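Per the numbering used here, the very first residue in the sequence shown carries number 2; after that it's consecutive. The beta carbon of each residue, even a glycine, is placed where N, CA and C say it ideally should be. Nothing here was measured: the structure is a model prediction, and the numbers come from that model.
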Amino acid sequence: MRQLLLGVLVAMLTACGGGSGPPADLPLSSGAVSSSPSVTTSEAFRFLNQATFGATEENARALIALGDSSNAYGRWIDTQVTTPASVLLPAVEAAFPVPVPPGFNVGSLNAVRQETWFNNVVRGEDQLRQRVAFALSEIFVVSQIGALQNLPSATADFHDTLARNAFGNYRDLLEKVTLHPAMGVYLSMLGNQRAVTDTNLRPDENYAREMMQLFSIGLVELNVDGSLKRDASGEPIPTYDQDIIEGFARVFTGWKWACPTTLPACSFTSTRPQLAPIAGYNQIKPMQLFEVQHEPGEKRLLSYSGVVPMGGIIPADQGGERDLRIALDNVFNHPNVGPFIAKQLIQKLVTSNPSPAYIQRVAEKFNNDGSGVRGNLESVVRAILLDTEARTLSSGQAAGTRGKLKEPLLRLTQLWRAYGARSGGETLGSARNFPGGTSGTFGQAQGSSPSVFNFFSPFYAPPGEIADAELVAPEMQLATEYLTTQMANFFWAQGTTRTHLTAARLNVDTVFIDISDELSIASNPDALIDRIATRLLGDPDLVSSELRTAIKTQVERTAIPATNPTVAQATRVGDALYLMLISPSYALQR
C-alpha cells in the first residue's frame, strides 16, 4: 500500500508539473469562447468540476440541454446567481439545547455546522454560490480552532455571510467581514483599544496586517496581470510598511460585541432569542463602535495614484465609523486588489498556474465590470469560468500547467454527489465517519483551518520538478504521506463496506453510496471501468491505458461463482472504484 500511494503522488507531480515551463501568454482579448459547438459530456464535466462540488451525470445532461457552448455556460450561471443561499446558522441554532444541561459542550455544535455544510454542498441547488463561498472562505479565513471553538453560531453565520455575498461587491464583503464578530474574535480586532499615554497599551495590529496581506493587496506591488512590479534595482516593491500597519490598527479600534444581550434586539440568534442569556454576547450582529475606545489621532494609510484620502492620511477626529469607511475605501481602490484576488479565485476554481493574460482579463473585470462598477464578484466569477483558458484545453497554456490538483474535500464531495450518497439519518459528513474528524482524514474541514493562512498556501510549490519549473501546486501541500494514506483508506472503506443501500444496513452515522449499476455489470471488467469512469470523469477515454490495465487486472483476480455471485461482484466493484478514486485521473481537475 505504501508503495502504491507514493507512486500516485509521483504521478500527480508529473501530471501537474510536466516540466513544460511557464504558460504562454494569450492575446489580451475578452477571453470569450468564439465558436459555438454543442457542449460535450466531458466539457460539461470539466465546467461543473470547476463551478460545483462535483460534476454528476444528471447535472451534465441539464447543462448540455441549455444550448451550445456560446450560451449554455452563461445560462447555467444565470440560474445559479439567482438561487438562494443554503445556510448553516439555523441548523446550529436548532441543535442548541434549551435549557442547557450541566456541563454541555457548546463546541460540540461545530459538528452540526460541518454536517450541515456537507448536506448543502452535496445536495444543495446553489452549487456555484457554495463553491465560490468555499473559495472565499480560504481567503477570508476564520476557524473554530482556537478562540472560536465555543462560538459555533458566529462561525456558521460567517460562512453564511460569504455565501450570501458570493456574487455581491467585494467592497461590501470586505466591510461585512471586517465587522463580523467571528473575524473580530479570530484576529483580535474585537475589543481593540486606543493607545493610552505613558503605558504600553497600544492598538492590536493583527487584523490590520492580515487584512492587507491576505484579504486584499498582498505583500508586494503587482501589475494588472499579476506579475511583480520591481524597483530600479530589480527588487519587488513592498505594498506597505510598519507605519501603515500601525495606521490601520488605529482605525480598527473601538469595535466590540454589539449591544447588551439584556435587550431583545440584541439576542445573538435570529430564530431562538431565548438563547441570548446563554451566550452572553451577540455572535452574529456586526460589531458596534464604542467611540470612547477609538483612536482619534491621525492615521497613515496606503499611498498610491488616485488614493483616497489625499496622501493616504486620515486627519484626526473624524470618528470611528468615518475612519473605517475611509480606510476600507483606501484598500479597496488599491490597484493590487484586482490581480491579487483574481489570481486566487482562478487558482481555487480552475487552474493553479493561470497565464498572465488570464489573470489580467479577470482583474480588469474586477476593476470595471463593463458598467463602471469596481469589485463586482458576479462579473469576476463569470470572467473566470467563461474564459478561454477555463473552457478549452488548447488555449495557449503549456500542457503541464493546465488544471489543478483537487482539494481533498472536493474529491470526497464529488464522489458523494456522483453516487447519490445518503445515510440513515438526515445528515452527511458526521464526524463519526472520519477517524480523527474530517481534518484527520482529509486535512480539511469546513471552518477548521489550522491558521489564518488556510489549509495550504496559494504560493506553495513542491520541491523538485514543479518548483524548478517556477510553477505552483497549492493543494499538494496537503498531499503528505499520512493524509494520502488516510484518504485512501477512507475511499477503500467507502467502496467496499459502505456501498449497499439496503434498509437493514443504513444507520445514522454511516454514509452509503449507490453502486447498483456497477454491480449489474461486475462480470464485464471493461464495462465496469467505463461505467465508473463515466460517473467520475465524464468520459471513459480519460482513463489511461495504464490505469485501465491495472484496474482490469485487479478486478479479474476475483472470480464470480455462479452459485453465489453477490460478494464477488461487490468485491470487483469495490476494487475498481477504489483504484479509480486514488488515481491521478480522478485527483486532477483538468
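| request: May I have the straight-line CA-CA distance separating Gln-415 from Phe-443, to the nearest angstrom? | output: 14 Å
| query | Whose C-alpha, out of Leu-387, Met-581, Arg-403, Lys-407, is nearest the C-alpha of Thr-71? | reply | Before going on, a small fix: residue 71 reads as Ser here, not Thr. Selected option, being the one with the closest Cα: Leu-387.
| Secondary structure of Ile-360, DSSP reduced to three states | It is helical.
| message | I'd like to confirm the pairing. Which residues does DSSP put opposite Gln-289 in its beta bridges? | response | Lys-257
| request: Assign Arg-231 to buried or exposed, taking buried as 16 or more other Cβ atoms, counted over all protein chains shown, within 10 Å of its Cβ. | output: exposed
| In this structure, what does DSSP give as the bridge partners for Val-512? | Within the DSSP bridge table, the entry for Val-512 names Ser-424 as partners.
| field | Residues of its chain near Tyr-420, where Cβ-Cβ distance is below 8 Å and the 5 sequence neighbours each way are ignored | value | Ile-514, Asp-515, Ile-516, Arg-536
| query | By DSSP, does Ile-530 sit in helix, in strand, or in coil? | reply | helix
| said: Quick test of your reading: Ile-218 and Asn-337, contact by CB under 8 Å. State the CB separation rounded to the nearest angstrom. | reply: 4 Å
| query | Based on Cα-Cα distance, which residue from Phe-141, Ile-522, Thr-393 lies nearest to Ser-43? | reply | Thr-393
| Is Ser-449 near Ile-146, with beta carbons less than 8 Å apart? | yes
| request: Would you list, in sequence order, the uninterrupted alpha helix (DSSP H) runs of no fewer than 4 residues that lie entirely inside the region 531-578? | output: 546-557
| Within this structure, are the beta carbons of Gly-376 and Arg-132 separated by less than 8 Å? | no
| field | Straight-line Cα distance separating Gly-404 from Glu-379 | value | 22 Å
| request: With a cut-off of 8 Å on the beta carbons, I'd call Asn-207 and Leu-188 a contact; round off their distance for me. | output: 5 Å
| task | Using the Cα positions of Thr-559 and Ser-356, report the straight-line distance between them to the nearest angstrom. | result | 47 Å
| request: Give every residue of the same chain whose Cβ lies closer than 6 Å to the Cβ of Ser-524, excluding the five residues on either side of it in the sequence, and list them in chain order. | output: Ile-561
| query | What residues are listed by DSSP as bridge partners for Gln-590? | reply | Lys-405
| task | Spell out a yes or no on whether the region 95-102 and the region 64-84 are touching, meaning 3 or more CB-CB pairs, one atom from each, closer than 8 Å. | result | no
| Pro-1: first and last residue of the uninterrupted alpha helix (DSSP H) it sits in | With the chain running from 2 to 591 in the structure shown, residue 1 is simply not present.
| query | Does the beta-carbon of Phe-460 have 16 or more other beta-carbons within 10 angstroms, so that it is buried, or is it exposed? | reply | Its Cβ having fewer than 16 others within 10 Å, Phe-460 is exposed.
| Could you give the distance in angstroms between the alpha-carbon of Thr-389 and the alpha-carbon of Val-351? | Distance between the alpha carbons of Thr-389 and Val-351 is about 11 Å.
| request: Since I believe Ala-534 is in contact with Asp-540 (beta carbons under 8 Å), could you give me their beta-carbon distance rounded to a whole number of angstroms? | output: With a beta-carbon spacing of about 7 Å, Asp-540 and Ala-534 fall inside the 8 Å limit used to define contacts.
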